[in-house]
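J.: Numbering (our numbering), first residue to last: 4 to 385.
I have a structure I would like to understand better, so I am pasting it below and will then ask my questions one at a time.
As structure tokens, this is what we get:
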């Protein structure tokens, strides 16, 4: 590569007894990179540009013509000839880069306006809003985790996906059942569509069979008490309904992955800062760390400073993945995202890889999941 970039010049030499001149060049330690005879009085040679001045000094009676340049000289020449084109291409690329990394819309998918507003406000605090620069995969994961930790009793799970120049935010609200003495009659209904796998009812009448397909809102356990084909009363249905629920997920994973995570270890270290060098006064140096410094001794006339550094050890994970490696990690992440949403009595029945798409520096994987899930919901009867 370095040899390719070295500036070279092609010369045509014309005159009698060309070989004598060629020998003179070699005695001057001029390296001839290539040599091609046209006839006994004409020869074309390729030499380094740095030797050009010496060649013209000793040319004597010989006629020397420059044919062209190569290497760095050629690159510079092309740059000069195509300056306007390069400027246009550069500006176009920057505009393209800008528009592919700017978010023009945030879509929060949820039926509750309160939840949508809550998430929009929270995301805005982390810089996720219209006309902002898109975040990296790791940043989005950390923001999602912070929001979920902030609202543990309000949000069940959260997903932030970049689709082109838009963020699509999917969220499920956490509903906490309050214990009360309410005796209002109610039915047990399907919270989601799926194939029934198990129904347990301590009160109420189970009206669906196992392996029946139910739609969201369908009655599974009826509150009505029937005797001789007549409704004799109503109860407050109690029980659980489980079904096989189907999902198709899309998960992105970067080919280049970088994460710096704090280990929890900390230490105070005194350092001497001399010119551009830091000399740590410790035998236990962290390989990677985050730190804050406080000056202890400092004066404009002194060539050094003594500072106290509060250091937090970090672990760095950095990897460049092949397509197959990124595909495998994306599939594992897809499974983990589903598992993170499940309760103790819920599990993945089966899953299947559908397809993958490479987008910019990430791979997007689409997968199918069949999940054994609690679909119990209630509908009170007035």
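Cβ atoms here follow ideal geometry from the backbone N, Cα and C, with glycine treated the same way.
1) Take the Cβ of residue 115 as the centre, count every other Cβ of all protein chains shown within 10 Å, and call the residue buried at 16 or more, exposed below.
2) Would you please state the rounded distance, in angstroms, between the beta carbons of residue 17 and residue 44? I believe it to be under 8 Å.
3) What residue ranges within the stretch 173-257 form continuous beta strand (DSSP E) runs of no fewer than 3 residues, ordered along the chain?
4) Using CA atoms only, rank isn't needed, just tell me which of 313, 34 and 332 is closest to residue 322.
5) I'd like the list of long-range same chain contacts for residue 252, defined as Cβ closer than 6 Å, with 5 residues on each side in sequence excluded.
6) Mind checking residue 3: buried by the 16 CB within 10 Å criterion, or exposed?
7) Quick one: using the 10 Å Cβ neighbour count with 16 as the cut-off for buried, is residue 197 buried or exposed?
8) For the beta strand (DSSP E) that residue 281 lies in, which residues bound it at each end?
9) Roughly how many angstroms separate the alpha carbons of residue 1 and residue 104, rounded to a whole number?
10) What's the gap between the Cα of residue 246 and the Cα of residue 376?
11) If I measure Cβ to Cβ from residue 373 and keep anything under 7 Å in the same chain, skipping five residues before and after, which residues do I get?
12) Verify whether the separation of the beta carbon atoms of residue 24 and residue 62 is less than 9 Å.
13) Name the two residues that bound the continuous beta strand (DSSP E) containing residue 141.
14) Thinking residue 396 and residue 109 are a contact (beta carbons under 8 Å), I'd like their distance in whole angstroms, please.
15) Would you grab the beta carbon distance between residue 213 and residue 200 for me? Rounded to a whole angstrom, and I think it's under 8 Å.
16) On a Cα-Cα basis, can you pick out the residue from 227, 241 and 242 that is closest to residue 235?
17) Cβ atoms of residue 256 and residue 365: under 9 Å apart, would you say?
18) How is the alpha helix (DSSP H) around residue 22 delimited, first residue to last?
19) Report the three-state DSSP secondary structure of residue 75 (helix, strand or coil).
20) Looking at the secondary structure, which residues open and close the beta strand (DSSP E) in which residue 159 lies?
21) Residue 55 to residue 33, Cα distance in whole Å?
22) Out of 38, 75 and 64, state which residue places its alpha-carbon closest to the alpha-carbon of residue 53.
23) Once the 5 residues before and after residue 329 are set aside, which same chain residues still bring their CB inside 6 Å of it?
24) Terminal residues of the continuous alpha helix (DSSP H) containing residue 337?
25) Whose C-beta lies closer than 6 Å to the C-beta of residue 254 among residues of the same chain, with five residues either side of it excluded?
26) Judging by CA-CA distance, which residue of 158, 281, 327 and 65 is the nearest neighbour of residue 309?
27) Are the Cβ atoms of residue 118 and residue 171 separated by less than 9 Å?
28) Can you list, in chain order, the residues of its chain whose CB lies under 6 Å from that of residue 162, leaving out five sequence neighbours each side?
29) Going by C-alpha distance, which of 204, 240, 123 and 36 is nearest residue 383?
30) Look at the Cβ atom of residue 285, then the Cβ atom of residue 313, and state whether they are nearer than 9 Å.
31) Can the beta-carbon of residue 158 be found less than 9 Å from the beta-carbon of residue 176?
T.: Well, looking at it:
1) An exposed status is given to residue 115, since fewer than 16 other beta-carbon atoms sit within 10 Å of its beta-carbon.
2) 6 Å
3) Those beta strand (DSSP E) runs which fall completely within the stretch 173-257 and span 3+ residues are 189-193, 197-206, 222-225, 227-230, 233-237 and 241-257.
4) 332
5) 337 and 370
6) Any question about residue 3 goes unanswered here, given that the chain covers just 4 to 385.
7) buried
8) 280-283
9) A question about residue 1 goes unanswered here, because the residues of the chain that appear run from 4 up to 385.
10) 6 Å
11) 247, 249, 352 and 353
12) Going by C-beta atoms, residue 24 is nearer than 9 Å to residue 62.
13) Premise fails: residue 141 lies in the alpha helix (DSSP H), 140-153, not in any beta strand (DSSP E).
14) This structure does not reach residue 396, given that the chain is present from 4 up to 385, and the question cannot be answered.
15) 7 Å
16) 227
17) Yes, the pair counts as a contact, with Cβ atoms nearer than the cut-off.
18) 21-30
19) Reduced to three states, the DSSP call for residue 75 is helix.
20) 158-166 is the span of the beta strand (DSSP E), which, as asked, contains residue 159.
21) CA-to-CA, the gap between residue 55 and residue 33 works out to about 9 Å.
22) 75
23) 256, 258 and 366
24) Residue 337 -> alpha helix (DSSP H) spans 326-344.
25) 333, 336, 337 and 368
26) Nearest option by C-alpha distance: 281.
27) Cβ atoms of residue 118 and residue 171: not closer than 9 Å.
28) 173
29) 240
30) For residue 285 and residue 313, no; Cβs fall outside 9 Å.
31) yes
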